[in-house]
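Protein chains in written order, with the numbering used here: chain A, -5 to 255; chain B, 2 to 325.
Written as structure tokens, this is what we have:
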């Protein structure tokens, strides 16, 4: 059994009277690809926000594997969790729009590289060496995802599908152990979705990381996920392999409604 | 550092040297009188202050209205230290003291207020600058509303020109380095920046404090150049005057800031003959510029020597052409 790298214990968050996530227990192992599905408003993105540190839970714990053990990260900010190996993309794309594609990726490498303030202020030779190294690394990553030819394009001028792709590349530039994808196929046409399906599999295989994915496109989720969690009204409704979920009576009811014949 | 970098650095350096020599010769042959030299020095001081503010407002996206407060700290620290320590050493120590105090206060003010956004931050920084002004106005040591007179004049136009060039180099290099990119990332999308492991508060504070350091330096130079300081010199309008420079130049454009500081300084001088109509004409020109180019003269672009001299275009050297 592979090492568990993410686990939650009775995770809950309340906003006023609404319990958006209610006692959720999930876990993810190394190099596992997990789908998170559920009707609109089920609390999927809220769960992501709890896992990545945007919200801190009202109750329960988020545990991340820190190399030795599963440690409680409830109080860690998103930036700190990012440094522990958590990366994510967003439902509504969040790129650094005024920057080029290459710079977007370089910014993500920030946390992993030493900042030499003095040498950069006075443009010492070591500054150019570091910059060149950083650029090369970023270009290498972009070329894996066929984005090298748009490296000097401003992020805001990219076509929609490529913006989504850049968000994934940018997240990968932080060298994460676990990647959260929040509706990566939203708004994509069938061709783009097919490309994305390949891309997600490629990321998992080449970069050896855990991927947790929220998605409404069932073809995509069922094609890539090894295991699924289903949320409804903030509660975990079911979990299992794609096949098990497709046959699960509760899930069918949640998606299609009660059969009142 | 390859050849292109050297060539490029040298051409900027020679441009700066040419400006220096031009002023020098013009003064020698009597083309620029005492009044002109004063204008040039004040333009240089404004450039230093405005570059600092552009780092805060343009690059880090934090709308600060408290820049005059930090200038006041620099000016008063310099004047007070010079009362105790005579000579040029007193001036240098005074400037250093002003910069340090200003940096520390920026840190104390910045950490809580930089959590605020937009208008709220503007009001908080405005309040801070007013506190500084009122404290100075009521302290005995600062001589209240009358201010301090007879500060020893160590600052010549040369002593403004060189710090202004150094400020420009530091600010531009800072923006195009790793911390600079992180600050821009926080401005462009704070949530995304944070998700990539960038400590957003840290980088906002870095920009704010750096801006304050340059403001203090400008205030310090101004104190010794004008030889007198009073609290009213550092009121709300002073912050606005600096803000106008960066808004007209293009928020985030350092070359825009320099060009606009020069243009407004010259314009101000030319309008001296108009008496009380001066501020009206000045204001009308500002309104006209904003109507024609709301993004500022330069937008967020920078002047690029590469384009002019070497005809390289954008190519791979995107570090000089910041396309808007």
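Ideal Cβ positions, reconstructed from N, Cα and C, are used throughout, including at glycine.
All values reported here derive from a predicted model rather than from experimental measurement.
Take residue 57 of chain A and list the residues in its own chain whose beta-carbon comes closer than 8 Å to its own, dropping the five residues that flank it on each side.
Position 63 of the first chain holds residue 57 of chain A. Close CB contacts of residue 57 of chain A within its chain, under the 8 Å cut and outside five residues either way in sequence, are with 0, 1, 2, 3, 64, 65, 66 and 67 (chain order).
Between the Cα of residue 246 of chain B and those of B/147, B/232, B/267 and B/233, spot the shortest distance and give me the residue it belongs to.
Against the second chain, residue 246 of chain B aligns to sequence position 245. Proximity to residue 246 of chain B across B/147, B/232, B/267 and B/233 peaks at B/267, based on C-alpha coordinates.
I want to see whether chain A comes within less than 7 Å of residue 195 of chain B, judged by CB atoms only; does it?
Numbered from its first residue, the second chain carries residue 195 of chain B at position 194. Answer yes: the Cβ-Cβ gap between residue 195 of chain B and chain A drops below 7 Å somewhere.
Would you tell me roughly how many angstroms separate the C-alpha atoms of residue 10 of chain B and residue 175 of chain B, rounded to the nearest one?
The count along the second chain starts at 1 and reaches residue 10 of chain B at position 9. The count along the second chain starts at 1 and reaches residue 175 of chain B at position 174. Spanning the alpha carbons of residue 10 of chain B and residue 175 of chain B requires a straight line of approximately 15 Å.
By the 9 Å beta-carbon criterion, what residues does the region 92 to 104 of chain A contribute toward chain B?
The residues in question are 92, 93, 94, 96, 97, 98, 100, 101, 102, 103 and 104.
State the DSSP-derived secondary structure class of residue 106 of chain A, mapped to helix, strand or coil.
Along the first chain, one-based indexing puts residue 106 of chain A at 112. Low confidence applies here, because residue 106 of chain A scores a pLDDT of 49, under 50, leaving its location unreliable and the question unanswered by this model.
Own chain, CB closer than 8 Å to residue 248 of chain A, minus 5 neighbours either side, in chain order
By one-based count along the first chain, residue 248 of chain A stands at place 254. If you ignore the 5 residues before and after residue 248 of chain A, its C-beta comes within less than 8 Å of the C-beta of 32, 33, 224, 226 and 231, all in its own chain and listed in chain order.
Under 7 Å Cβ-Cβ, which residues of chain B neighbour residue 76 of chain A?
Taking the first residue of the first chain as position 1, residue 76 of chain A is located at position 82. Those within 7 Å of residue 76 of chain A in chain B are 196, 197 and 198.
Please list, in chain order, all residues of the same chain as residue 98 of chain B whose beta carbon is under 7 Å from its beta carbon, the five residues on each side excluded.
Against the second chain, residue 98 of chain B aligns to sequence position 97. Contacts found: 78 and 82.
For residue 143 of chain A, count neighbouring Cβ atoms within 10 angstroms of its own Cβ and tell me buried if that reaches 16, exposed if not.
Within the first chain, the letter at position 149 stands for residue 143 of chain A. Exposed, because fewer than 16 other Cβ atoms sit within 10 Å of the Cβ of residue 143 of chain A.
So residue 111 of chain B is in the alpha helix (DSSP H); what residue range does that whole segment cover?
Your numbering for residue 111 of chain B matches position 110 in the second chain. Looking at the DSSP string, the run of the alpha helix (DSSP H) that includes residue 111 of chain B is 88 to 114.
What residues from chain A crowd round residue 171 of chain B, counting only those whose CB sits closer than 7 Å?
Counting from 1 along the second chain, the entry for residue 171 of chain B is found at position 170. Per Cβ cutoff of 7 Å: 115.
Strictly below 8 Å CB to CB, what residues from chain A border residue 14 of chain B?
By 1-based counting over the second chain, the position of residue 14 of chain B is 13. For residue 14 of chain B, no chain A residue has a Cβ inside 8 Å of its Cβ, as the nearest lies near 12 Å away.
When burial is assigned at 16 or more other CB atoms within 10 Å of the CB, is residue 303 of chain B buried or exposed?
Counting from one through the second chain, the residue named residue 303 of chain B turns up at place 302. Per the 10 Å Cβ criterion, buried.
Residue 58 of chain A, DSSP secondary structure in three states:
Here residue 58 of chain A refers to the residue found at position 64 of the first chain. Residue 58 of chain A: strand per DSSP, three-state reduction.
Against chain B, does residue 88 of chain A count as a neighbour if the rule is that its beta carbon must be under 7 Å from one of theirs?
Translated into positions along the first chain, residue 88 of chain A becomes position 94. So, interface residue.
Under 8 Å by Cβ, that's how I've got residue 79 of chain A and residue 170 of chain A pegged, so tell me the actual separation to the nearest angstrom.
If you number the first chain from 1, residue 79 of chain A lands on position 85. If you number the first chain from 1, residue 170 of chain A lands on position 176. Contact annotation, residue 79 of chain A with residue 170 of chain A: C-beta distance approximately 5 Å; criterion of less than 8 Å satisfied.
Tell me which residue opens and which closes the alpha helix (DSSP H) that residue 77 of chain B is part of.
Stepping through the second chain from its first residue, residue 77 of chain B is reached at position 76. First-last of the alpha helix (DSSP H) with residue 77 of chain B: 68 to 85.
Can you give me the Cβ contacts of residue 283 of chain A inside the same chain, cut-off strictly under 6 Å, excluding the 5 residues immediately before and after it?
Chain A is shown only over -5 to 255; residue 283 of chain A falls outside these bounds and no answer can be derived.
How many angstroms separate the CA atom of residue 265 of chain B from the CA atom of residue 203 of chain A?
Looking up residue 265 of chain B in the second chain gives position 264. Looking up residue 203 of chain A in the first chain gives position 209. Cα to Cα, residue 265 of chain B sits roughly 56 Å from residue 203 of chain A.
If you draw a straight line from the alpha carbon of residue 6 of chain A to that of residue 46 of chain A, how long is it in whole angstroms?
Taking the first residue of the first chain as 1, we reach residue 6 of chain A at position 12. Taking the first residue of the first chain as 1, we reach residue 46 of chain A at position 52. So the alpha carbons of these two residues sit roughly 14 Å apart.
Contact set between residue 6 of chain B and chain A, taken where Cβ atoms lie within less than 7 Å:
Within the second chain, the letter at position 5 stands for residue 6 of chain B. Simply 122.
Does the distance from the C-beta atom of residue 218 of chain B to that of residue 106 of chain B stay below 7 Å?
By one-based count along the second chain, residue 218 of chain B stands at place 217. By one-based count along the second chain, residue 106 of chain B stands at place 105. Not closer than 7 Å, so no.
Is residue 82 of chain A close to chain B, meaning its C-beta is less than 7 Å from at least one C-beta of that chain?
Working through the first chain from its first residue, we reach residue 82 of chain A at position 88. Answer yes: the Cβ-Cβ gap between residue 82 of chain A and chain B drops below 7 Å somewhere.
Which residues, taken in chain order from the region 29 to 53 of chain A, show a beta carbon closer than 7 Å to some beta carbon of chain B?
Flagged, chain order: 46.
Three-way DSSP call (helix, strand, coil) for residue 64 of chain B in this model:
Stepping through the second chain from its first residue, residue 64 of chain B is reached at position 63. It is coil, neither helix nor strand.
Spell out a yes or no on whether the region 206 to 213 of chain B and the region 13 to 24 of chain B are touching, meaning 3 or more CB-CB pairs, one atom from each, closer than 8 Å.
With a cut-off of 8 Å, the region 13 to 24 of chain B and the region 206 to 213 of chain B do not count as touching, because too few Cβ pairs lie within range.
Same chain, Cβ closer than 7 Å to residue 73 of chain B, five either side skipped, listed in chain order:
The residue labelled residue 73 of chain B in the question sits at position 72 within the second chain. For residue 73 of chain B, where only same-chain residues beyond five positions count, the Cβ hits under 7 Å are 133, 134, 137, 220 and 235.
So, is the C-beta of residue 18 of chain B closer than 7 Å to a C-beta in chain A?
Start at 1 with the first residue of the second chain, and residue 18 of chain B comes out as number 17. So no, residue 18 of chain B is outside the interface.
Under 7 Å between beta-carbons, which chain A residues line up against residue 132 of chain B? List them in chain order, please.
Indexing the second chain from 1 puts residue 132 of chain B at position 131. Identification of chain A residues near residue 132 of chain B by a Cβ-Cβ cut-off of 7 Å yields none; the smallest Cβ-Cβ distance measures about 30 Å.
Could you give the C-beta distance for residue 143 of chain B and residue 66 of chain B, rounded to a whole number, given that I count them as a contact under 8 Å?
If you number the second chain from 1, residue 143 of chain B lands on position 142. If you number the second chain from 1, residue 66 of chain B lands on position 65. Between residue 66 of chain B and residue 143 of chain B the Cβ distance is about 22 Å, and since that is not below 8 Å, they are no contact.
Find the residues of chain B that neighbour residue 168 of chain A, judging by a C-beta separation of less than 7 Å, and give them in chain order.
For the purposes of this step, residue 168 of chain A is taken as the residue at position 174 of the first chain. Per Cβ cutoff of 7 Å: 197 and 198.
Local conformation of residue 49 of chain A per DSSP, three classes
As a working mapping, residue 49 of chain A is identified with position 55 in the first chain. In the structure shown, residue 49 of chain A sits in coil (DSSP, three-state: anything other than H, G, I, E or B).
Using alpha carbons as the reference points, say which of A/238, A/242 and A/207 lies closest to residue 83 of chain A.
In the first chain, counting from the first residue as 1, residue 83 of chain A sits at position 89. Of A/238, A/242 and A/207, the residue nearest in Cα terms is A/207.
What's the gap between the Cα of residue 205 of chain B and the Cα of residue 263 of chain B?
Counted from its first residue, the second chain places residue 205 of chain B at position 204. Counted from its first residue, the second chain places residue 263 of chain B at position 262. C-alpha separation (whole angstroms): 28 Å.
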